[in-house]
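When we follow this note's numbering, the leftmost residue of the sequence shown carries the number 1402, and every step to the right adds one. Glycine included, C-beta positions come from ideal geometry on N, C-alpha and C. Comments concern the structure below.
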Amino acid sequence: MSTVAIAGEPDVARQKELVHLVRQDCGSCHGMTLKGGLGPALLPENLRDKPAEGLAATIYYGRPGTPMPPWKAFLSEAEAAWIVDKLMTEFPE
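So, in structure tokens, the structure goes:
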């Protein structure tokens, strides 16, 4: 069951791009295996008590005054929600 309501999943090619973005770009701060680094871990057990909508907003808008940048120039709000859904379950390789 999905943890985030998504208007439509990205197509397979875009999903691969988003996985690469998370693994490479997000991984540079959150750890290449998403277990934490400069930023917190992005594993299901670390995210389960966080509201999915808030996590998606953090990805999309960033967190002013912190190293967390906004990603809205690179993805849509629905794609940010898709990323959160995958992070909260099991992120693809």
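My assumption, with CB atoms under 8 angstroms, is that Val1485 sits in contact with Ala1453. Please give the rounded CB distance. Position 84 of the sequence shown, counted from the start, is the residue given in the question as residue 1485. Position 52 of the sequence shown, counted from the start, is the residue given in the question as residue 1453. Confirmed, about 5 angstroms.
#### Entry: Cβ-based neighbour list, Gly1440, same chain, cut-off 6 angstroms, excluding 5 preceding and 5 following
On the sequence shown, residue 1440 is found 39 positions in, with the first residue counted as 1. Excluding sequence neighbours, Gly1440 sits near Cys1430 and His1431.
Q. Which of helix, strand or coil does DSSP assign to Glu1454?
A. Here residue 1454 is taken as the residue at index 53 of the sequence shown, counted from 1. Glu1454 sits in a helix when the DSSP states are folded into three classes.
Among Trp1483, Ala1458, Ala1479 and Glu1480, which has the Cα closest to the Cα of Pro1471? Locating residue 1471 in the sequence shown gives position 70, where the first residue counts as 1. Closest by alpha carbon: Ala1458.
Reduced DSSP category for Lys1417 - H, G, I as helix; E, B as strand; rest coil: On the sequence shown, position 16 is the one that residue 1417 refers to. Residue state, collapsed to three classes: helix.
Practice prompt. Look up Ala1406 in the DSSP assignment and say whether it is helix, strand or coil.
Written response: As a position in the sequence shown, residue 1406 is number 5, starting the count at 1. Caution is warranted here: a pLDDT of 43 is assigned to Ala1406, below 50, making its placement in the model unreliable, and the coordinate value is therefore given only provisionally. Ala1406 falls in the coil class under three-state DSSP.
query: When you compare only the Cα positions, how much space is there between Pro1411 and Gly1466?
result: As a first step, residue 1411 must be located in the sequence shown, where it is residue number 10. As a first step, residue 1466 must be located in the sequence shown, where it is residue number 65. Going by the C-alpha atoms only, they are around 31 angstroms apart.
### Assigned secondary structure, Gly1438 (DSSP; H/G/I helix, E/B strand, else coil)
The residue labelled residue 1438 in the question sits at position 37 within the sequence shown. Of the three classes helix, strand and coil, the one that applies to Gly1438 here is coil, per DSSP.
Problem - Ala1474 classed as buried or exposed, judged by whether at least 16 other C-beta atoms fall within 10 angstroms - result: In the sequence shown, the residue the question calls residue 1474 occupies position 73. Taking a 10 Å sphere around the C-beta of Ala1474, we find fewer than 16 other C-beta atoms and assign the residue as exposed.
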